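First up is the structure itself, then whatever we jot down about it.
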Amino acid sequence: MPLLKRKPVHLTPLPSLSAVLQPIPTSSSISDPLQTQAPTPLTHEQLQQFIPPDGKDDAEQLEKLLAVFRGEFTNGQTTVVGKKSKGKAVAPSSSIVNGESPQDGEPSATVQEEPAVAWRIHDRDCWYIPETGEIFTDYESYSARKAFYDQQIFQCEVSGKSSMPYLDALRSEQKEIRQLHTRFPKQLKKAVLSAVQFQIEGKLENLADKIFERFHNRFFDDEKVFIDVQGDKYLARVIKTVPPSPSLTLIPSTSNGLTLETHPLAIDLNLPSEEVLEKDDPGQYIYIVKLVEDDVEDDGQENALQITADRISRDRINFSRAMLKRFIRDCVERDAAVYSPWIVKPAVARRWGIPMEMSESTKLFISSYRERQMGKRKREREERLGLNVEDEEVEEKPKTKKQMKEEEKRMKEEEKAKKKEEERRMKEEEEERKKKKQMKWPNEDLLVEWSEEDVRVRPQLVRTLPFGDQFEKLLNSWSFLNVMGTPLNLSPFTIDEFEQSLYHTTSPSPPLIAEIHACLLSVLIADAASGHSPVRPISATGRQPEDDRDYWEGEKGATTETLSPVAEKLAQSWKDTEIPLRDNRRGWEAALIGCLWERASLESLPNFLDNILHLTFEPKPAPTRPTWSTGPSSSTSSSGLGLVPAKIPTRYPTLHHLHKLDIIAFLIELVGQTEKVRGFMEESIAALTEVRKEQVDVKREIRRVQAEREGLEPKTEDVEAVEGEAGMDVDMDVKVNGHVNGGGEGEDELEDDLDTDMRPPEDDTYSALSSSPSADQGHHAQTAASRRRAMAEKARERAAEEAMHRERAIKEREEARLSKYNASEKKRLFEEEEVLAAKLKKLDYEFRSHIWTLRSKPLGLDRFGNRVWWLDAQGSAPMLAPDGKLMYGTGRLYIQGVDEPEETYYLNAANAVLEGMGVKEEVKREDVERRRKMEEGGKLGRGEWGCYDDVEQVREFMRWLNPKGIREKDLLKALTFWQPELLGGITKRRQVMGLDVQSENEEPTRRTRPTRRAAGDDEEKGYMGWRNRRAGGKE
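As C-alpha cells, this is what we get:
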C-alpha cells in the first residue's frame, strides 16, 4: 500500500447496505376477498430488520455493494431500470416451497409466499473509485478523495520512490510486486511461507534472516541454480534431490503442522539451528543437476551431474536477504495485538496449500510464549519502578547451579542485546551523518549546515520608508511611470523626486506632478479619440456599472448632488483635446476632475468625491464683521457646507499626499489597459527576441576571439622541447660527420692552414734539426702529420660553431618577427574583445529594459524566501545617460519579506529532499523561526519592505549569502553581475542627496533636496528643476 509520511494510507470505510437500500412494504395488486382485516403497516424499525446484513470484511462488503448497484443481489429478485435498481428481500418468516410438499409426499403445485417487504436503491448517485474499491454516497467526499490522491505526496512502499500521486505509487507497487513474484524462485515459495506460518517474531528483518540462514544452501527439485565446474559457473536445473538418509522423508510433520518432501526440518524455525544441522545437514544432500544448454524435453539422466550443496549457488538477483524480506512482507500479515504470530494471507495460503488453522500444539506454544513474555515484561517493569522492594520478608532459598547458570546466561544475553542495540543506534547515526555529507551542493537553502555558536548575522535593514504601509503602492506607481515612459512621453525620474513632489504643499504644483497627470490623461484622451471603448478599472472587470450614482456620498460629506454643477461640465470637456505643453501643462487639474467624475467610483477610488470637493471648493473665509449674509443658511448646496468655489490649480498642492498617490495609481490602472501601452509591450516582446539573438551571436564571437588569442600563446613545454631537439641535431651532425656543411669560406681557411704547415720555418732550431741524421727526419715527418690533423680538427670545430651561430641568428630573427606579429595580433584581438564585451554589456542593458517592460521580477531570493529587488534601469529608464554617465532610479537595494505560503513551500521542499535521500530527520518550522531570529538581524513581516542604501551594507549582505544554497547561489550571481551598476547608483544617490562627500575628480551632480519644500525656496533646484524632455522632443 502506498505510504504517506512513512505510514500506510487508510481507505475510506465502505458504506453500509442500509445506506444504499431502502425497504418498502410490498403492495399486492389482487385483493383477498376472504381478508376481513386490513394488514397492519410495518414501522420503520421493522422495515430496517429486513435489510440484508453487511459483509464480514471489506472484500465481502464490496462484493455485496457492487451486486446491489449491478442489480445482481442474490437475496431477492432484482430488476434494473435506467439508473435505479429495485429488488425484493425475503423476510425471515417467509418460506418458499417448490416441487413436492414435505408433509404428505404428494406432488402439488408450486406454492410461493409473497415476501413481506421489498427493497430498492435510494434515488441518489454513488461514486466508485475502482483502483481502491472505495464507494462514496456524496460527490463532495468523492472529489476531495480524488484530489487527495492526485497530490504528489505519496511513496511507493516497495521501491521507495517518493513524491508520486497515489495511483502512480499504487501502480509502481503492483509492478514491483509482479516483478518480485516473477523473479523469486517458485520452488522456494511454499517452503518459505510454510516456515513463516504462525511464527512469533517482533521484526520482520529478524524473521527473514532466520529463513535465509535455513534455505541459502538448501535446494529443491526443478530449481534453476548455478553450479561450479572446475572454477567456471554454469546454469543448471536440479532434477532430483537425494537426502542423506531415507528416514528424513518419513518425518510426519513439524511443530507448525506442515510437511515437505525434502528438507522437512528446515521449515521448523522453533527448532535450534544446531539440532536441525545435526539431523538434516544440507551438506550431506546429493543433487542431480543438468546443464540448461544440454536440457532437452526428456528427463533422462544420461548427461546429469551429481554434486553437493557447496558447489551450488543461486542468482543473487532472484534470492537475497532483501528479496526474501520483500517477498515475505508481501505475503504475510499480523494482528495488532502484542506477540501475535505472522500469518500467511488467505489467498496466498490457498494458492500454495498452506493450512490456515492452527494445530493444538501451535496454539499452546503461542499461548505459553505470550504468557512468558508478558510476565517477563511485568517483572522488568516492577523492577524498574521499584514495586518489589518492600515485599514480605521471605527466606530466600539458595539457588541451584542450573538456576545460576540460567541467570548468568540471561544476563549475558541481555548485555549482548544491549551492546548490539547500541551498535545499531551508533551505526544508524553514522549513516545519517554520511547521507548528509553525501548531499550534493548547491541544494535547498534550508539544508545548508549552520551552527548556533558561529552565526553570521545579516546587516541591519533600513525600515524607515516613506508613505508607511502604502510604500508598495508608491513603488509600483513609480515603477510603471518609468517603465512606460516612452509611450507616456515622460522622462525618467528618481523615486526621491517622486516622493518629494507628492509631499509638496504650496502652489504651483511641481513640474513632475503636472507632467505625470498630463501624460496619463493625454494617453486616455488619445485612446478615446481613436474610437476605443472607455477603459475601466481592473477591479470593475466583469461587473455591471452601478446605477445608484445619485446616492453616493464621500467620507467627508461630499455628494454627487453637490459636485454635479461643477464636475459635469468638466467631465464633458476633458476629452476634447490633449493637454498642451505650454504654461506648465495649464488645465491638467480640470481635466483630472473630469476624468475622475466620469471613470471613478467609490469602489475603485473611495475618496474621489472628497478629492473633487477639495479641488473645486475651499472653506469660506471667516467674516470680519457678522452680517445677515453670513448667518446660518438652510440651503443644501455647497454654501450650506461652509464652502465657496475655488481656483482649481491652487487647490491640488494642498491635497493629502496619500490621496495624490491614490489618484495617480487609479490613472495608472486605466492607462495600463489602453491600446498604446499594449502596443508598446508587444514591441518589447519582439525587441526582446532580437536582443536574445544578438546576445547569442556576440557570445559566439567572443568565444572565437578568445580561442584565437589562446592559439597565439605558445606552450612553455613545447618551446623547450623544440629548442632541445634543435641542439641535439647540431651535436649529432658534428660527431658523425666531423664537420658541418659550411660555405667556401671555411674551406679556404683550411687550405691556408695546410699551406702554412708545408712551409719550412726560418728559425735556427729548425735548421739544427734539419741537419740531423735520417732517423730524426722520420720523426719530424710524423710530428708534422699529427699537427696537421689537429689543426684540421680545430678548423672543423670553428666551422661548426659559426654555422650554429648563423642558424641561431636566423632563428632569433624569425622569432622576433613572429613575436612582433603575435603582439600585434594579440593587441588586435584584445581590442576586438573589448568592443564585443562593451556590445554585450549594452545588450544586457537592453535585455533588462525589455524584460522589465513585460513583468516585474526580483533579482533573487535569499535562504528564507525574502525577495531582493533592484529597480534601476527598467523599461524606458536607461542605464546610461546620453553623455555615457551612469543614471539611477532608486539608488537602493530593497528586501521584501516572504509570504506564508511561500515559506511553507520552501519548508516542504527541504523535507522532500531529505525524504528522497532516506534521511529520517526533517526541518521543522520552529527550527527555521529560531534560525531567522539569529541570522536575519531583524526579521521582516509578511510582505514588509526594507532596504540597503549604503555600499558597505550591500557588500556585507553579499558576504552573508551562502552559494551552497540554490536560491542564494542565483541571487549572489545576479548581484555580482550587476554590482558595478548597483553600487554606482547607490554612490551617486548619496552624493546627490548630500549623504556622502563628492570626490574632487568627479563632476558636480544635480542635487535633489531631501526635505519638503517650504515657501521661498529656489524652484529651479532639486525636484522643482526636473523637466520632461521627452514631451518636448529633446530626448
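For the sequence shown, the numbering used here assigns the number 1239 to the initial residue and increments by one for each residue that follows.
Glycine included, every Cβ here is placed at the ideal spot set by N, Cα and C.
Predicted, not measured: the structure shown is a model, and the values here were computed from it.
{"Check": "Given 8 Å, three or more beta-carbon pairs between the region 1656 to 1667 and the region 2170 to 2180", "Outcome": "no"}
{"Check": "Residue of Met1596, Cys1569, Ala2047 minimising C-alpha distance to Lys1583", "Outcome": "Cys1569"}
{"Check": "Of the residues Asp1470, Ile1581, Ile1367, Arg1456, the one placed nearest Leu1442, counting alpha carbons only", "Outcome": "Ile1581"}
{"Check": "Test item: CB-CB of Ile1604 and Val1527 under 8 Å", "Outcome": "no"}
{"Check": "Beta-carbon proximity of Trp2216 to Leu1750, cut-off 8 Å", "Outcome": "no"}
{"Check": "Coil, strand or helix - Val1632 by DSSP", "Outcome": "Residue confidence for Val1632 is low, a pLDDT of 44 falling below 50, so the modelled location carries little weight and cannot support an answer."}
{"Check": "CA-to-CA distance, Ala2269 to Arg2251, given in whole angstroms", "Outcome": "Because Arg2251 sits at a pLDDT of 45, beneath the cut-off of 50, its placement in the model cannot be relied upon, and the point is left open."}
{"Check": "Check whether Val1396 and Glu1414 have beta carbons under 8 Å apart", "Outcome": "yes"}
{"Check": "Gly1293 versus Leu1623, Leu1950, Leu1252, residue with shortest Cα-Cα distance", "Outcome": "Leu1252"}
{"Check": "Per DSSP, cross-strand counterpart(s) of Glu1372", "Outcome": "Ile1367"}
{"Check": "Beta-bridge partners of Ser1551, as assigned by DSSP", "Outcome": "Phe1464"}
{"Check": "Exposed unless 16 or more other CB atoms sit within 10 angstroms - verdict on Gly1769", "Outcome": "exposed"}
{"Check": "Cβ-Cβ distance between Ser2114 and Asn1681 below 8 Å", "Outcome": "no"}
{"Check": "Alpha-carbon spacing of Val1247 relative to Pro1240, whole angstroms", "Outcome": "7 Å"}
{"Check": "Sub-8 Å separation of Val1936 and Leu2078 beta-carbons", "Outcome": "yes"}
{"Check": "Beta-carbon proximity of Gly2098 to Arg2170, cut-off 8 Å", "Outcome": "no"}
{"Check": "Simplified DSSP assignment, three categories, for Asp1270", "Outcome": "Its pLDDT being 48, under 50, Asp1270 is placed unreliably by the model, and the measurement read from it follows with that caveat. Here Asp1270 sits in coil by DSSP."}
{"Check": "Status (buried if at least 16 other CB within 10 Å, exposed otherwise) for Leu1759", "Outcome": "buried"}
{"Check": "Buried or exposed (CB count within 10 angstroms, at least 16 for buried), Ala2022", "Outcome": "exposed"}
{"Check": "Where Met1402 falls: helix, strand or coil (DSSP)", "Outcome": "strand"}
{"Check": "The region 1807 to 1816 / the region 1833 to 1847 touching (three or more Cβ pairs under 8 Å)", "Outcome": "yes"}
{"Check": "Nearest candidate by alpha-carbon position, reference Ala1766, set Val1480, Ala1385, Leu1908", "Outcome": "Leu1908"}
{"Check": "Proximity winner among Gly2156, Ser1256, Val2161, relative to Tyr2144 (alpha-carbon distances)", "Outcome": "Val2161"}
{"Check": "Contact check, Pro1697 vs Gln2191, beta carbons under 8 Å", "Outcome": "yes"}
{"Check": "Beta-carbon proximity check, Gln1393 vs Ala1407, cutoff 8 Å", "Outcome": "yes"}
{"Check": "Burial state of Ala1446, where buried means 16 or more other Cβ atoms lie within 10 Å", "Outcome": "buried"}
{"Check": "Supposed contact pair Glu2141 and Leu2152 - C-beta distance, whole angstroms, cut 8 Å", "Outcome": "About 17 Å; that fails the 8 Å criterion."}
{"Check": "Inter-residue spacing [alpha-carbon to alpha-carbon] between Thr1250 and Glu1372", "Outcome": "6 Å"}
{"Check": "Inter-residue CB distance, Leu1853 and Ile2089 (contact presumed, cutoff 8 Å)", "Outcome": "With a Cβ gap of about 39 Å, Leu1853 and Ile2089 do not count as contacting."}
{"Check": "N-terminal and C-terminal residue of the beta strand (DSSP E) that Ala1474 is part of", "Outcome": "1470 to 1480"}
{"Check": "Helix, strand or coil at Arg1916 [DSSP, three-state]", "Outcome": "helix"}
{"Check": "Arg1567 to Val1430 span [Cα, whole Å]", "Outcome": "12 Å"}
{"Check": "For Phe1709, three-class secondary structure by DSSP", "Outcome": "helix"}
{"Check": "Spatial distance of Arg1947 from Ser2057 (CA atoms)", "Outcome": "13 Å"}
{"Check": "Bounding residues of the alpha helix (DSSP H) (the contiguous stretch that carries Gly2222)", "Outcome": "2217 to 2230"}
{"Check": "C-alpha gap between Met1996 and Arg2027, whole angstroms", "Outcome": "Unreliable placement is indicated for Met1996, whose pLDDT of 42 sits below 50; no coordinate value is reported for it."}
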